[in-house]
Each structure stands twice: as C-alpha cells, then as structure tokens.
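Remarks on the structure that follows.
Residue numbers (the UniProt record's numbering): 1 to 325.
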C-alpha cells in the first residue's frame, strides 16, 4: 500500500537488522525473524509493528499450515524509501530513481565524447526534476538522498578533463537539493551495490574487481564495505602486475579499444569486436586479474573474488573464464 507520509527519525540497530534480513532473504514471518536476530518474539512483534506503521514494511497474505498458528510474511514496502543515483562514465552519464526494494523505477542517460562538468550538472538538474516530478509530496519526503558514482581523479584522464580538478560536484548539487548528496568512487560504489543488491548470497569477506574504461575495485570485510582513510580502498587498477604496467593497462575497456582502434559503445548490450581480438584481450586481462586476485587472497585470506564491469555479459564471462585458467 502507498505510504504517502514522511518517515520518522533514525532507525534503531535492531530495526535496521530486521530490514536487512528481509532485504537479503525475502519476505519473512515474525517467527522466522526471532531466531535470526536473537530477539524475543514480543520484541520482534513490537519492532515490526513500528516498521509497518513507519511505512517500511508491508504485510503479505496469511499463510496457513497444517499445524501451528498462521504466519504473515513481512516484505519491504517498495515506496518505503526512494533513492536517486548519478553515474558518470567515460562516455555515458546515467540517472536512476530506485525504490526501497532496489527496483529501478525511472532512468535517464546521456552520451558524451567525454564527461564535461557543466554538461553533467545540467543533465543532473534536469534529470532529477524529471525523475521526481511524478512522485507525490509524501513520496518526495521519503527520498533518502542522491548517490554519485564517478571515477577517481577524472582530471588525470587527459587535458579535456582538466575542468574536473576545480569542481566539487557533490557540493554543487547539494547546494540546490533538499536531500543529502553522497559521492564515491565508481568501483567502490559497484562493490557496495553487489553487497546490497547482488542476487547471490555472498560471504562476509570478498573483493570486487570492476572492469570499465579503466579497472578498479572494492573490498568487503566482515560484511561491510571498506573505504579506507582516503576513501580509496580497493584501488586495484593501479596494482603492478608481472612484466610491466598495472592492472588497468590490461584489464580495461580502454585496453581493448586500443587494440581495435576505435571507441566501443557505452552501453553493455553487445560489442561488434572480432572474436580473436576480444579473446586475446580477455586472455591477457585474465592473467592480470588472476595475479591481482591471488595477491588479495594471500593478503587478507578472502573466500571469494567477484569480477564485474561495464562490459557485455558474454565479455564478462570470457574474462572470468580466463581468470580461472
């Protein structure tokens, strides 16, 4: 049911735990929540009632079994909160409106030869107005914030990117918006998205390698995304690899573009790349990715390495296979 009112104040630790369990495992009854949280049945009843009244949970249809009391599955309310995202890529900027269950409810994008600060600001302002216009006042009050994902040190990409050195994009947007604005490295953000919305139940410790125009990564330890003191933990693209160079010199879209002599389209639906060239690139990239993965595992004793990226699914599969070999 729609929740057309502003949410209450900050949630308690136990309330956040309940929401996290339901997000990860899907609809759950109060009886199923109690042993997983270590809370008493009465505490679960009180907390879930509060979360329902606040608009974060919806009750499903009663499930009647052959024995015992009927149970009511509790699920995240899609409009319990709204989130906005701005992604800045080498050749594409994207805006998305996401509901509390992680479903993208609206999306806009703009291609560019290179990301220009003024054009990105104009795209963001216009797009945010368009994405939030259909929301009611109560729904707008439930916008948790705008998250910006952008590559680290954009101005190092070339002279045409020098304008990024002198602009604080987060501050410029926060000045004009009624909700919080956050900004993080794109690869770190991709790791966080995998942790929260990934379809697979992940272990509590893993690294996430993200192959895009350049390569980057993220680190999850004890179930939490780690940023480091300079918010650049998991900067795997700059890791030296055997021979010479760094990971990003081999495992990156820019390296493949250098082989074929032209830019690849910014979307990941599919690339028209000669199979032999793409396979040779994947083999070289796989060697570099394997070295990086083994180094990370040796250092932190991780059970899992996730390979992801802004590449077509078939290309990602080739990279994964080459890394395993």
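We put the CB at the ideal spot given by N, CA and C, even for glycine. Quick caveat, the model's predicted, so the values are computed rather than measured.
What would DSSP say about residue 156, mapped onto helix, strand or coil? The sequence position of residue 156 within the chain shown is 156, counting from 1. Helix at residue 156.
Whose C-beta lies closer than 7 angstroms to the C-beta of residue 309 among residues of the same chain, with five residues either side of it excluded? As a position in the chain shown, residue 309 is number 309, starting the count at 1. Taken in chain order, the residues that qualify are 210, 211, 212, 316.
Please tell me whether residue 75 and residue 99 are closer than 8 angstroms, where the distance is taken between their beta carbons. In the chain shown, counting from the first residue as 1, residue 75 sits at position 75. In the chain shown, counting from the first residue as 1, residue 99 sits at position 99. No, the pair does not count as a contact, with Cβ atoms beyond the cut-off.
Identify every residue that forms a DSSP beta bridge with residue 108. On the chain shown, position 108 is the one that residue 108 refers to. Note: residue 108 sits in a beta bridge opposite 95.
When you compare only the Cα positions, how much space is there between residue 172 and residue 118? Within the chain shown, numbered from 1, the residue matching residue 172 stands at position 172. Within the chain shown, numbered from 1, the residue matching residue 118 stands at position 118. If you take the alpha carbons of residue 172 and residue 118, they lie about 11 angstroms apart.
Residue range of the unbroken beta strand (DSSP E) whose run includes residue 17: Within the chain shown, the letter at position 17 stands for residue 17. Taken as a continuous stretch (DSSP letters only), residue 17 belongs to no beta strand (DSSP E), being part of the alpha helix (DSSP H) at 13-25.
Helix or strand or just coil, what does DSSP make of residue 214? For the purposes of this step, residue 214 is taken as residue 214 along the chain shown, with counting starting at 1. Note: residue 214 maps to coil in three-state DSSP.
For residue 181, does the three-state DSSP call read helix, strand or coil? Here residue 181 refers to the residue found at position 181 of the chain shown. Residue state, collapsed to three classes: strand.
For residue 305, which of helix, strand or coil comes out of DSSP? What you label residue 305 is simply residue 305 of the chain shown in a count that begins at 1. Three-state result, residue 305: strand.
Measuring only the C-alpha atoms, how far is residue 324 from residue 286? As a first step, residue 324 is located in the chain shown; it is residue number 324 there, counting from the start. As a first step, residue 286 is located in the chain shown; it is residue number 286 there, counting from the start. Spanning the two alpha carbons is a distance of roughly 8 angstroms.
Could you pull the start and end residues of the alpha helix (DSSP H) that residue 259 belongs to? Numbered from its first residue, the chain shown carries residue 259 at position 259. Segment 253-260, the alpha helix (DSSP H) holding residue 259.
Per DSSP, what kind of secondary structure is residue 103 in: helix, strand or coil? Residue numbering aside, residue 103 sits at position 103 when the chain shown is read from its first letter. Residue 103 falls in the coil class under three-state DSSP.
Quick check on this structure: which residue in 30, 240, 109, 40 has the alpha carbon closest to the alpha carbon of residue 376? No information on residue 376 is available, as it lies outside the stretch 1 to 325 that the chain covers here.
Using the Cα positions of residue 284 and residue 278, report the straight-line distance between them to the nearest angstrom. The sequence position of residue 284 within the chain shown is 284, counting from 1. The sequence position of residue 278 within the chain shown is 278, counting from 1. Each residue's alpha carbon lies about 10 angstroms from the other.
Whole angstroms are fine: how far does the CA of residue 143 sit from the CA of residue 129? Along the chain shown, read from residue 1 onward, the residue named residue 129 stands at position 129. Along the chain shown, read from residue 1 onward, the residue named residue 143 stands at position 143. Answer to the nearest angstrom: the Cα atoms are 13 angstroms apart.
Count the CB pairs spanning the segment 70-90 and the segment 20-27 that are closer than 8 angstroms, and state whether there are at least three. yes
Distance between residue 9 and residue 321 (C-alpha atoms, nearest Å): The sequence position of residue 321 within the chain shown is 321, counting from 1. The sequence position of residue 9 within the chain shown is 9, counting from 1. If I take the Cα positions, the gap works out to 47 angstroms.
Residues in its own chain within less than 6 angstroms of residue 115 by CB, not counting five upstream and five downstream? Position 115 of the chain shown, counted from the start, is the residue given in the question as residue 115. Excluding positions up to five away in sequence, the list reads 88.
Alpha-carbon spacing of residue 149 relative to residue 238, whole angstroms: In the chain shown, the residue the question calls residue 149 occupies position 149. In the chain shown, the residue the question calls residue 238 occupies position 238. For residue 149 and residue 238, the distance between alpha carbons rounds to 19 angstroms.
Below 8 angstroms, can you find three or more Cβ-Cβ pairs linking the segment 176-194 to the segment 149-168? yes
Short of 6 angstroms in beta carbon distance, which residues of its chain neighbour residue 163, apart from the five on each side in sequence? Order them along the chain. For the purposes of this step, residue 163 is taken as the residue at position 163 of the chain shown. So the qualifying residues of the chain are 117.
So, are the CB atoms of residue 14 and residue 37 less than 8 angstroms apart? Sequence index remark: in the chain shown, residue 14 carries index 14 (1-based). Sequence index remark: in the chain shown, residue 37 carries index 37 (1-based). It is a contact, given that the beta carbons lie within the stated cut-off.
Short of 8 angstroms in beta carbon distance, which residues of its chain neighbour residue 331, apart from the five on each side in sequence? Order them along the chain. For residue 331 there is no data in the structure shown, the boundaries of the chain being 1 and 325.
Separation of residue 253 from residue 214, as counted between CA atoms: Position 214 of the chain shown, counting from 1, holds the residue named residue 214. Position 253 of the chain shown, counting from 1, holds the residue named residue 253. Distance between the alpha carbons of residue 214 and residue 253: 6 angstroms.
Could you tell me the alpha carbon to alpha carbon distance between residue 288 and residue 69, rounded to whole angstroms? The residue given as residue 288 occupies position 288 in the chain shown. The residue given as residue 69 occupies position 69 in the chain shown. The alpha-carbon atoms of residue 288 and residue 69 are separated by roughly 56 angstroms.
Please return the same chain residues whose Cβ sits closer than 8 angstroms to the Cβ of residue 270, not counting the five positions on each side in sequence. Here residue 270 corresponds to residue number 270 of the chain shown, with the count starting at 1. The residues are 312, 314.
Look at the alpha carbon of residue 83 and the alpha carbon of residue 135, and state the distance between them as a whole number of angstroms. Your numbering for residue 83 matches position 83 in the chain shown. Your numbering for residue 135 matches position 135 in the chain shown. If you take the alpha carbons of residue 83 and residue 135, they lie about 12 angstroms apart.
Stretch-stretch touch, CB-based, cutoff 8 angstroms, three pairs: the segment 214-233 with the segment 187-197: yes
Test item: CB-CB of residue 107 and residue 122 under 8 angstroms: Here residue 107 corresponds to residue number 107 of the chain shown, with the count starting at 1. Here residue 122 corresponds to residue number 122 of the chain shown, with the count starting at 1. In this structure, residue 122 does not lie closer than 8 angstroms to residue 107 by Cβ.
I need the DSSP call for residue 206, collapsed to helix, strand or coil. Walking along the chain shown from the start, residue 206 turns up at place 206. It is a strand residue.
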